[in-house]
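Step one of this worksheet: look at the structure below.
There are 6 protein chains.
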Amino acid sequence: MQSALEKARVLVEALPYIKKFYGKTVVIKYGGHAMLNSELKQAVITDLVLMKFVGINPVVVHGGGPDITGMLKRLGIESQFVGGLRVTDSSTMEVVEMVLGKLNKEIVALINQLGGRGIGLSGKDANLITATKKLGKDQADIGFVGEVAKINPQLLKTVIDEGYIPVISPVGIGPEGETYNINGDTAAGALAAALQADKLIILTDVEGILADPKDKTSLISVIEAADIPSLIEQGIIQGGMIPKVECCVKAIQSGVTTTHILDGRVPHAILLEVFTDQGIGTMVK
Amino acid sequence: MQSALEKARVLVEALPYIKKFYGKTVVIKYGGHAMLNSELKQAVITDLVLMKFVGINPVVVHGGGPDITGMLKRLGIESQFVGGLRVTDSSTMEVVEMVLGKLNKEIVALINQLGGRGIGLSGKDANLITATKKLGKDQADIGFVGEVAKINPQLLKTVIDEGYIPVISPVGIGPEGETYNINGDTAAGALAAALQADKLIILTDVEGILADPKDKTSLISVIEAADIPSLIEQGIIQGGMIPKVECCVKAIQSGVTTTHILDGRVPHAILLEVFTDQGIGTMVK
Amino acid sequence: MQSALEKARVLVEALPYIKKFYGKTVVIKYGGHAMLNSELKQAVITDLVLMKFVGINPVVVHGGGPDITGMLKRLGIESQFVGGLRVTDSSTMEVVEMVLGKLNKEIVALINQLGGRGIGLSGKDANLITATKKLGKDQADIGFVGEVAKINPQLLKTVIDEGYIPVISPVGIGPEGETYNINGDTAAGALAAALQADKLIILTDVEGILADPKDKTSLISVIEAADIPSLIEQGIIQGGMIPKVECCVKAIQSGVTTTHILDGRVPHAILLEVFTDQGIGTMVK
Amino acid sequence: MQSALEKARVLVEALPYIKKFYGKTVVIKYGGHAMLNSELKQAVITDLVLMKFVGINPVVVHGGGPDITGMLKRLGIESQFVGGLRVTDSSTMEVVEMVLGKLNKEIVALINQLGGRGIGLSGKDANLITATKKLGKDQADIGFVGEVAKINPQLLKTVIDEGYIPVISPVGIGPEGETYNINGDTAAGALAAALQADKLIILTDVEGILADPKDKTSLISVIEAADIPSLIEQGIIQGGMIPKVECCVKAIQSGVTTTHILDGRVPHAILLEVFTDQGIGTMVK
Amino acid sequence: MQSALEKARVLVEALPYIKKFYGKTVVIKYGGHAMLNSELKQAVITDLVLMKFVGINPVVVHGGGPDITGMLKRLGIESQFVGGLRVTDSSTMEVVEMVLGKLNKEIVALINQLGGRGIGLSGKDANLITATKKLGKDQADIGFVGEVAKINPQLLKTVIDEGYIPVISPVGIGPEGETYNINGDTAAGALAAALQADKLIILTDVEGILADPKDKTSLISVIEAADIPSLIEQGIIQGGMIPKVECCVKAIQSGVTTTHILDGRVPHAILLEVFTDQGIGTMVK
Amino acid sequence: MQSALEKARVLVEALPYIKKFYGKTVVIKYGGHAMLNSELKQAVITDLVLMKFVGINPVVVHGGGPDITGMLKRLGIESQFVGGLRVTDSSTMEVVEMVLGKLNKEIVALINQLGGRGIGLSGKDANLITATKKLGKDQADIGFVGEVAKINPQLLKTVIDEGYIPVISPVGIGPEGETYNINGDTAAGALAAALQADKLIILTDVEGILADPKDKTSLISVIEAADIPSLIEQGIIQGGMIPKVECCVKAIQSGVTTTHILDGRVPHAILLEVFTDQGIGTMVK
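Protein chains in written order, with numbering that gives the first Met the number 0: chain A, 0 to 284; chain B, 0 to 284; chain C, 0 to 284; chain D, 0 to 284; chain E, 0 to 284; chain F, 0 to 284.
Structural data, given as structure tokens:
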């Protein structure tokens with residue numbers, strides 16, 4: 000059992016971080032394992048609520064992965080492939096939006112239960128995320144997959160100032176009112192840039208960037224955005240990590256102070272990153 | 000072709016109504032035919048946007064009917080019945096919430112396309128609608144069907160004041176974080192009461208209350224809330240109209256000025272009700 | 000009798016214009032026939048009140064023509080002429096100011112009766128219009144005729160923001176506290192410029208600018224400010240229309256978006272100009 | 000020549016009064032000799048501007064006496080008499096309003112010249128003073144003479160808070176939009192009551208209330224409102240002083256702290272009353 | 000060394016307390032050992048700064064004990080005694096005020112060094128604490144010892160809202176401008192009442208209230224204000240603890256939610272009391 | 000005895016000055032004889048309160064001279080000298096701070112008694128004056144004597160806007176939290192610059208700058224900052240006046256409009272300088 004003094008020490012150690020981030024905005028891409036395991040879920044949401052209470056403004060962008068696949072399967076919707084890429088046709092898009100919407104309100108409800116005040120939005124609300132069609136390789140039509148055209152952050156600013164924690168489904172609205180599926184990391188990065196956030200945190204299912212992908216102890220704690228291209232070239236950053244890291248670089252270039260690729264499988268990874276000196280994941284700055 | 004003077008006359012005729020409702024809140028239960036037909040849809044949303052621009056604050060609560068049934072069918076979810084009532088089990092509730100969420104954002108997107116600023120919410124956002132379990136006849140367990148426990152209108156007030164049109168899915172949140180399906184008319188009535196709205200408008204697929212249900216020309220234009228019980232007793236108000244009318248009466252008793260059962264099949268029924276002398280539907284006051 | 004649907008159509012047609020001018024300022028020079036005929040008067044004021052309610056900010060500058068002449072006659076004040084121009088001596092100026100003041104409050108009272116909130120001002124209030132002496136041809140002294148020296152729009156901004164419709168007598172105050180008669184069109188143009196108004200509307204007793212002054216069907220609907228000088232040279236714009244058009248050009252050069260010379264003899268000319276596609280008068284832009 | 004120390008003493012003596020009236024409203028009925036003599040005029044307006052700068056909010060209601068009579072004469076309008084009272088017919092009312100309007104702007108211009116920010120209003124502006132017809136003795140019709148029905152002080156509060164000195168013509172607006180002549184003292188009293196003013200000051204052409212009307216040294220400095228009726232009964236207060244005193248009593252009963260009948264022939268009478276111990280005129284409290 | 004998870008747990012455990020006290024005011028009487036030992040000093044101030052950052056508003060009232068005695072000695076000022084009580088004569092009072100002033104700014108400087116924004120005040124600033132003379136036993140004159148007459152909390156509210164931590168010397172100002180020494184516990188209690196604080200915390204040099212004064216393990220953790228008198232009667236609460244407890248009771252009766260007698264010798268006692276379940280000291284409620 | 004008219008004249012003469020300085024900030028260095036004589040003290044404070052009430056914002060920086068010397072003597076603290084300069088060692092600094100603190104609250108109490116709302120601050124409050132160590136001649140260590148490093152005026156702006164008169168002890172806080180004694184004239188000058196004050200007034204015990212130091216009638220009323228260096232060179236400005244004048248020059252260079260060296264032995268010198276044409280002291284501009 001922990002002594003009073005040890006408790007006091009931990010709280011006191013948090014003080015410089017609380018000071019540093021007071022009034023700042025932190026955009027969190029919430030996805031992967033941390034959305035599936037109910038204990039981790041509870042831990043993530045607790046971290047968000049705690050941040051809000053100590054004066055930091057978290058903004059959540061969530062993914063939907065397995066639930067979307069499950070629902071598509073249950074509905075017997077089979078994906079077409081063009082140039083090796085899954086096509087988001089209109090019935091797929093409908094399922095994506097529905098499942099994201101359900102998950103969105105689940106997160107909101109959990110925030111509210113833990114004492115925060117959550118509000119669930121999609122990119123359609125107040126035209127928060129306008130989008131344009133994205134093409135696949137060789138200009139292939141891959142359906143309703145969109146790129147962020149513009150972020151209209153006014154609504155977010157209003158609800159943040161009023162004390163709410165906004166939770167956002169990465170769905171964009173096209174020029175003709177059509178719905179686009181937006182990559183969650185990309186949406187989070189664009190929102191961080193538009194809000195001039197202090198931090199962008201991407202929760203993943205890996206330790207961070209590893210110098211030797213086979214050695215989990217080879218974590219790179221801090222890396223400059225300028226050094227990323229050569230790491231990709233050398234194959235140190237590879238596969239699914241590449242787009243995540245590119246989101247970070249883009250956010251840094253747009254004025255976000257630091258970006259973080261954290262291991263969402265560690266309970267309270269966000270809290271540890273924000274409030275302690277503990278080295279968690281990789282910081283791209 | 001219409002002459003300039005006739006146009007001017009119509010606009011001038013709207014002035015007293017614009018004055019009367021300036022700054023007032025109008026809650027609209029949007030459902031039925033008006034949600035299915037794309038021309039009617041366009042007309043309803045246009046009316047909402049127009050209201051907002053001339054200084055009235057519309058708040059929309061929508062239903063989901065046929066889409067929910069369709070999705071349940073596609074997913075092969077069969078409803079159980081207890082005491083003759085359909086039971087909303089957890090997998091049904093999930094579908095209800097997902098479909099409502101999708102429809103919600105569709106309405107929002109249309110508002111935005113027509114020049115308004117819509118924002119889609121459910122009763123879970125900022126605990127807008129807290130709910131308790133509702134029992135069926137003979138205390139039968141009919142699953143996740145809820146009654147409104149409390150409306151927390153603060154978020155609505157904030158977004159209304161900031162110029163947004165809130166669109167609300169009638170989903171409630173229970174004391175343990177469980178999700179409840181709330182009847183749309185009931186939710187609209189409760190919101191109208193909590194917002195001290197000036198008007199509650201329920202869009203239906205009938206002309207209004209008919210003195211002789213078989214005679215469509217026997218529309219009752221205005222009726223006092225106090226006279227409703229005897230009309231129900233006499234069988235003049237019957238079937239699905241009874242709960243709608245009871246919502247109206249409850250809203251009136253809670254301080255809403257007037258309530259309206261309108262024929263949603265008439266294009267621009269809301270606009271005609273609000274801005275002209277034209278007799279549309281039944282007013283319960 | 001007009002059908003419900005037609006009424007709805009007119010209101011819906013107004014929506015894009017309401018959106019377009021929402022929160023914008025429109026300065027109206029009110030004079031001529033529209034101030035004499037009581038039905039036209041009622042129509043003009045109704046248009047102003049309607050504009051205010053739908054979020055547009057009208058500012059009225061009025062003339063006084065025949066009433067001033069009448070009162071001068073009743074008082075036996077005869078005008079002197081210098082170089083062919085009527086001299087505004089001090090007793091004439093006193094009459095001008097008194098009559099304008101009376102008309103000003105009449106307009107205000109009518110606005111209030113029709114449900115708006117009018118407030119009557121002259122250029123002396125809060126030094127709204129400061130003026131300097133204007134000379135006639137060959138530097139002739141034509142008395143208390145003034146040019147606008149500076150507009151101090153702060154008071155107007157305050158009362159506009161508080162929901163009032165300001166009605167302004169075109170009287171200016173000189174450096175020594177002396178009173179100057181200012182041309183109404185000029186005052187309206189200067190106010191439109193100072194308020195960075197979206198529109199300047201000058202009500203006249205003609206159809207607008209005619210390509211062939213003898214042919215009333217030869218109305219020029221739209222003309223660029225840059226094209227005005229050559230039209231004057233060609234004699235197409237002539238007589239009393241020249242100073243009006245020059246006010247428009249000056250306002251355009253000072254940042255007013257569009258200016259309009261409307262036929263004040265058409266009932267609701269302002270409303271038709273602002274809220275419909277109907278071609279009324281000449282737009283100088 | 001006055002020494003520095005004496006100057007300092009006077010300023011220091013003003014301090015308790017400045018403190019006492021800081022942020023308070025003082026309604027001044029401005030009329031009589033003080034409006035005719037240009038030095039007195041300058042002194043009165045200087046006092047108003049000084050008050051405003053040291054944190055007191057003056058509100059001016061002015062009369063028009065001799066100028067109205069003069070203009071009626073010039074226009075050959077002869078007054079009818081009913082039951083011994085002059086009838087204000089519509090052409091008389093028009094002249095009254097015009098002359099008051101001209102005087103109103105003169106006062107405003109002088110305030111602005113002396114460094115204040117004046118704004119001239121009549122009871123018609125924003126329905127400031129609504130009125131009903133007043134009858135003469137034996138219910139005789141005396142034309143457009145009105146009683147104050149209601150003061151709508153919102154506009155005054157706005158302009159006072161924005162730093163302006165409002166100057167008000169005692170003209171009221173009737174239920175049908177008709178114009179009424181209101182007694183200036185009465186209007187000032189009603190405005191003082193509606194604004195919950197701290198002081199009502201009525202400038203007259205006498206020393207105040209004299210215990211012996213023939214002895215100018217018999218000035219009553221302070222009198223309780225409750226003692227007024229017996230003084231009227233005893234004939235000590237008589238003639239034109241009676242309605243003035245009754246205005247004071249009514250204002251006191253409506254919550255105004257003190258009322259003052261001052262001798263407007265004394266330069267800076269207002270300033271001496273407000274900022275020094277000097278006994279000037281009669282205080283009714 | 001502590002693991003990341005343990006750190007996270009402590010922070011998470013603080014969340015309910017942060018929520019509970021968010022936006023609340025906590026008045027702390029800072030004195031005794033915790034003011035003398037530099038490590039304890041650092042710990043107390045850290046706790047204050049942390050509280051402020053997580054949304055709680057601390058207000059500090061400090062004592063001066065040994066420093067005052069030391070300075071009186073250095074200056075050779077000997078105390079007189081009347082009825083066994085030390086008399087605060089004017090030269091003593093001067094020393095008290097000077098020493099308190101110096102300690103006050105020391106605390107402020109430490110707050111600022113630790114990242115907070117402190118502001119040091121005495122009861123004289125903006126008449127924060129007005130006082131009247133307090134008499135000793137048998138009405139003996141004990142000099143400039145005062146009782147709180149009135150708290151004027153407006154200045155405190157302003158600086159609290161602007162993000163400052165006010166630090167207050169318990170010096171009061173008498174009706175003639177004379178300076179009074181006020182007991183620090185009493186001043187803290189009166190300020191807590193005037194600010195409607197949520198908590199009053201008195202730092203002492205004992206464990207709290209002991210059921211058996213000889214047994215340090217017999218701490219009474221919670222006690223109702225109503226039960227205090229009988230404890231005093233029974234001699235369980237005795238000596239210097241009596242006035243402290245009476246301050247608590249008075250504060251409770253004036254609307255303060257809970258009061259605490261804490262052991263200031265325990266590092267971070269305030270933080271442990273406010274943010275953990277750890278039982279520290281005695282709560283009087 | 001003074002007549003009413005003379006009183007009025009003095010008040011009216013103040014008007015242009017009240018207008019001129021309305022809303023402006025005036026920093027006053029209060030020291031010398033004017034702090035010792037109780038009548039002069041009363042006069043100075045009255046002037047400050049009067050200024051505040053008529054819309055000017057006084058900020059006071061005070062000295063402590065003789066009281067500090069007296070207390071050092073009583074405590075038997077002897078000053079060391081390095082290079083002919085008195086060294087402020089830590090025990091001296093403690094006495095300086097204590098005595099300044101006591102004088103500070105005395106001034107505050109007097110302001111409050113005279114109807115103002117004073118608040119006493121030192122440079123430690125909210126880090127108002129941060130300081131660095133100042134060296135003596137030949138880099139000699141003269142102890143805790145500081146130079147102004149930075150003024151953080153936010154707290155001052157807040158309390159000024161809330162209607163308080165700030166009174167400031169010239170004590171600075173060093174980078175390690177150490178306390179520094181700052182020259183009062185220098186502190187006043189730096190505060191005037193940071194607040195962009197309109198005036199800096201330094202109260203001295205001489206008439207001002209004399210052209211012939213032996214001839215008290217040779218007062219230089221106005222002098223340009225640019226002309227100061229040559230006057231120093233010529234020996235016209237000499238001794239203790241040099242640093243005072245240099246403060247003025249520095250303030251002028253930092254944007255303060257005018258600076259004044261006044262004779263604090265003249266009662267109400269500040270008031271006479273600010274509100275009358277009376278030539279008092281020397282203006283450096």
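Note that CB positions come from ideal geometry on N, CA and C, so glycine has one too.
Nearest-angstrom Cβ-Cβ length linking residue i and residue j, presumed shorter than 8 Å
{"i": "Lys-18(C)", "j": "Glu-96(D)", "result": "Lys-18(C) to Glu-96(D), Cβ: 41 Å. No contact."}
Alpha-carbon to alpha-carbon, residue j and residue i
{"i": "Ser-253(D)", "j": "Met-50(C)", "result": "39 Å"}
{"i": "Met-0(E)", "j": "Val-11(A)", "result": "Since pLDDT at Met-0(E) reaches only 36, below the 50 mark, its modelled position is unreliable, and the value read off the structure follows with that caveat. Distance between the alpha carbons of Met-0(E) and Val-11(A) is about 16 Å."}
{"i": "Gln-277(F)", "j": "Lys-104(F)", "result": "32 Å"}
{"i": "Ile-236(B)", "j": "Leu-35(B)", "result": "26 Å"}
{"i": "Asp-160(B)", "j": "Gly-117(E)", "result": "37 Å"}
{"i": "Leu-199(D)", "j": "Lys-72(C)", "result": "42 Å"}
{"i": "Val-158(C)", "j": "Thr-185(C)", "result": "22 Å"}
{"i": "Ile-201(E)", "j": "Phe-20(A)", "result": "31 Å"}
{"i": "Gly-64(B)", "j": "Gly-145(A)", "result": "30 Å"}
{"i": "Tyr-163(A)", "j": "Leu-154(B)", "result": "9 Å"}
{"i": "Gly-171(B)", "j": "Ser-37(C)", "result": "57 Å"}
Whether residue i touches residue j by CB criterion (9 Å)
{"i": "Val-244(B)", "j": "Pro-169(B)", "result": "no"}
{"i": "Gly-188(A)", "j": "Val-255(A)", "result": "yes"}
{"i": "Ile-251(E)", "j": "Lys-284(E)", "result": "yes"}
{"i": "Ala-7(C)", "j": "Pro-266(B)", "result": "yes"}
{"i": "Lys-123(A)", "j": "Val-107(B)", "result": "yes"}
{"i": "Leu-209(D)", "j": "Ser-217(D)", "result": "yes"}
{"i": "Glu-262(A)", "j": "Gly-280(A)", "result": "Just to set this straight, residue 262(A) is Asp in the shown sequence, not Glu. It is a contact, given that the beta carbons lie within the stated cut-off."}
Bridge partner(s) assigned by DSSP for residue i
{"i": "Leu-218(E)", "result": "Leu-209(E)"}
{"i": "Lys-149(D)", "result": "Thr-129(D)"}
{"i": "Ser-121(F)", "result": "Ser-168(F)"}
Partners in chain F for residue i, counting only beta-carbon separations shorter than 9 Å
{"i": "Tyr-163(E)", "result": "Asp-124, Ala-125, Leu-154 and Thr-157"}
Residue i: contacting residues in chain C (beta-carbon distance under 7 Å)
{"i": "Gln-112(B)", "result": "Neighbours of Gln-112(B) on chain C: none; closest Cβ ~12 Å, over 7 Å."}
{"i": "Lys-18(B)", "result": "Phe-52 and Gly-114"}
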